[in-house]
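Numbered per my numbering, the sequence shown finishes at 380, counting up by one with no gaps. Positions of the beta carbon are idealized from the N, C-alpha and C atoms, including for glycine.
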Amino acid sequence: MTLVAPRREARPVRIGRVAIGGTAPVAVQSMAKTPAADAPATLAQVFRLAEAGCEICRLAVPDRESLRAFAWVAARSPLPLVADIHFDHRLALDALASGAAKIRINPGNLGGEGPLREVAREATRSGAPIRVGVNLGSLEAGLARSLGHTAEAMARSALRYVADLEQWGVPGLVVSAKAPDVDRTVEAYRLLAGKTVWPLHLGVTEAGPGTAGLVKGALGIGLLLSEGIGDTIRVSLTGDPVTEVHAGYEILRGLGLRRRGPEIISCPMCGRCRLDVEAVVAEVQKRLAGSLAPHVIAVMGCAVNGPGEARRADVGLAGAGDGKAVLFAGGQVIRSVDTANAVDQLLEEIARLPAGGRRAEEESEAGV
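Below is the structure:
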């Protein structure tokens with residue numbers, strides 16, 4: 013049984029070397045948050061995002077100075093870059109000439125049909141796709157008056173401009189319609205999914221900081237992905253964009269859509285706890301930072317939540333009391349260890365695992 017409905021079929025589009033839509037896996041995006049004109053700082057952040065697993069990165073291009081920075085970063089970037097353009101269509105034209113793998117525009121604020129046609133012509137010439145990105149807070153005034161700030165208004169706005177760009181021959185489009193709340197975001201994408209063939213970029217915009225932002229992003233993106241809707245995602249959070257990338261992969265992992273890097277399962281702790289679970293988890297995460305192997309690692313406080321409940325783990329550690337812990341795998345105890353060196357012992361067992369983990373090896377042997 014799967015949590016996810018069959019994937020909606022979207023026409024494949026390439027953003028640099030990254031394919032979205034079609035049979036490509038759901039791609040994880042983020043956006044640089046350094047000052048747009050600070051090219052060295054922006055490039056450093058792009059490299060950090062790439063190391064975290066980000067596959068597409070968006071950069072704001074609000075003026076000519078930031079356009080020069082964009083061109084400098086694009087020439088050195090490990091990731092395909094998306095130029096985020098508002099108000100001045102000439103910035104979009106120059107960004108396309110400066111190495112943008114895609115441009116994101118909100119067509120309603122580019123100045124009308126003439127400028128939009130120019131952007132379409134340049135995108136067609138360069139071969140770069142356009143993301144039609146509509147946000148609830150920047151709807152055209154006419155639609156906002158007639159339909160209010162609704163999901164229907166967002167979807168209708170996006171589809172209007174998609175139809176224009178298709179008519180003008182743009183070879184690749186991506187569509188988004190984001191709101192700062194889950195219900196209108198989900199409704200807008202459901203409307204879009206049935207009315208366009210292009211890939212959909214998912215996200216809840218302005219979701220907020222910390223736990224609140226993570227919950228809203230996970231709910232909105234997760235609900236849509238579970239319905240087979242969505243081809244690329246960004247978890248919009250206040251703060252370090254690397255957190256957005258990690259959150260994106262965790263959403264995909266939770267739905268069984270992608271596995272990247274280790275998954276740590278740990279108990280919530282209670283009065284039976286015989287291990288400093290929080291400290292051990294933090295140490296394991298620190299020492300496995302950068303690992304791409306999709307191992308499942310358990311850290312449990314006691315025997316109740318140990319080998320039995322965590323039997324799906326490739327390897328795990330459970331508190332046993334009196335300065336002892338047990339290492340286990342597949343629901344069976346391997347050996348007892350001292351808690352003083354338990355993390356070292358756990359890491360040694362992880363190093364012995366096959367690249368895909370024991371579960372992947374067992375599935376391969378079984379022909380799954």
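Helix, strand or coil, according to DSSP, for residue i in the structure here?
| i | result |
| --- | --- |
| N118 | coil |
| K298 | helix |
| P280 | coil |
| T250 | strand |
| A332 | strand |
| I362 | helix |
| G145 | strand |
| F99 | coil |
| S303 | coil |
| E275 | strand |
| L71 | strand |
| A337 | strand |
| R137 | helix |
| D176 | helix |
| D350 | strand |
For residue i, which residues in the same chain have their Cβ closer than 7 angstroms to its Cβ, ignoring the five residues on either side in sequence?
| i | result |
| --- | --- |
| R299 | L359 |
| G232 | V194, T197, V198, V216 |
| R60 | V254 |
| A64 | V254, V257, H258 |
| D96 | R70, L71, A72, V73, R116 |
Between the alpha carbons of residue i and residue j, how many angstroms are there, rounded?
| i | j | result |
| --- | --- | --- |
| H161 | A104 | 27 angstroms |
| V302 | P221 | Sequence inspection shows Gly at residue 302; the Val mentioned does not correspond to that position. Cα to Cα, the separation comes out at about 24 angstroms. |
| R202 | E361 | 45 angstroms |
| R265 | A322 | 17 angstroms |
| S42 | T208 | 24 angstroms |
| A44 | Y173 | 26 angstroms |
| H98 | L71 | 12 angstroms |
| Y261 | K336 | 34 angstroms |
| P319 | A219 | 38 angstroms |
| A109 | V30 | 19 angstroms |
| L93 | C66 | 11 angstroms |
| A87 | T54 | 13 angstroms |
| A325 | A167 | 43 angstroms |
| A378 | R364 | Low local confidence applies: a pLDDT of 37 at A378 is under 50, so the model's placement there is unreliable, with the coordinate-based value given in what follows. Each residue's alpha carbon lies about 21 angstroms from the other. |
| S138 | L236 | 32 angstroms |
| V296 | A22 | 39 angstroms |
May I ask you to list the residues that DSSP assigns as paired with residue i?
| i | result |
| --- | --- |
| M166 | Paired residues: none, contrary to the question. |
| A39 | T244 |
| R26 | A31 |
| A189 | V146 |
Residues in the same chain with beta-carbon distance under 8 angstroms from residue i, minus the five sequence neighbours each way, listed in chain order, please.
| i | result |
| --- | --- |
| E130 | H101, L105 |
| A259 | L226, G229, A230, V247, L249 |
Kindly list the residues whose CB is nearer than 6 angstroms to the CB of residue i, restricted to its own chain and excluding five residues on each side of it in sequence; keep chain order.
| i | result |
| --- | --- |
| M281 | V289, G313 |
| A170 | V144, V146, V187, A189 |
| L304 | G273 |
Given the structure, does residue i come close to the ligand SAH, in the sense that its CB is under 7 angstroms from one of the ligand's heavy atoms?
| i | result |
| --- | --- |
| V316 | As presented, the structure is devoid of all ligands, the ligand SAH included, so that no description of it is given. |
Would you mind listing the beta strand (DSSP E) stretches within the stretch 194-235 that are 3+ residues and don't spill past its ends, in chain order?
Correct list: empty.
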